[in-house]
Amino acid sequence: MREFKYETRRLQDRPLAVFTLQGNIDSVATYQLNDALGTLLDSKISHLVVDMVRVGYVNSEGWRVLLMRAQQLKQHNGEMRLADMAHDLMTVFRSLGLSENITYHDNLEDALQASITAFDATQKSR
Numbered sequence: 762m763r764e765f766k767y768e769t770r771r772l773q774d775r776p777l778a779v780f781t782l783q784g785n786i787d788s789v790a791t792y793q794l795n796d797a798l799g800t801l802l803d804s805k806i807s808h809l810v811v812d813m814v815r816v817g818y819v820n821s822e823g824w825r826v827l828l829m830r831a832q833q834l835k836q837h838n839g840e841m842r843l844a845d846m847a848h849d850l851m852t853v854f855r856s857l858g859l860s861e862n863i864t865y866h867d868n869l870e871d872a873l874q875a876s877i878t879a880f881d882a883t884q885k886s887r
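Throughout the sequence shown, residue numbering follows the working numbering, covering 762 to 887 in sequence.
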């Protein structure tokens, strides 16, 4: 069993963060994930890139938390993007229909650049 851990890196000039996950997202980890994402969103983060390169497993509740938090960001004109998922996780992500609500990128750099571009576009339209 891989212990669940996370790390947050914020971009100083924008309300954007990279949230790097590690380990398995099981029943216990789902609560930690939800709390950590809630704290992040409470801190006025509007664009979030979730780096899943070191995630081995996500249970159904973990997927639900990601979806719920992505929808919460959308309600506040923000967005969540996932990056670097293992093939098995990608298969589940697609089969659950989550790709309709959360954008996925093959790598962290692309996801981060897309989030920066999206944030900058919302600022220009204001």
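All C-beta atoms in this analysis are idealised placements derived from N, C-alpha and C, irrespective of residue type, glycine included. Keep in mind that this is a model prediction, so the values were computed, not measured.
A check of alpha carbon separations from LEU828 across ASN838, GLN884, ARG842, ALA778 identifies ARG842 as the nearest. Beta-bridge analysis with DSSP links LEU798 to no other residue. Residue state for ARG771 is assigned as strand, using DSSP reduced to three classes.
Look at GLU870 here: in three-state DSSP terms it is helix. Closest in alpha carbon position to ASP803, among SER821, THR864, PRO776, VAL789, is PRO776. Residue pairing by DSSP leaves MET813 without any beta bridge partner. Contact annotation: SER807 and GLY839 have beta-carbon atoms nearer than 7 Å. Collapsing the DSSP output to three states places ALA882 in a helix.
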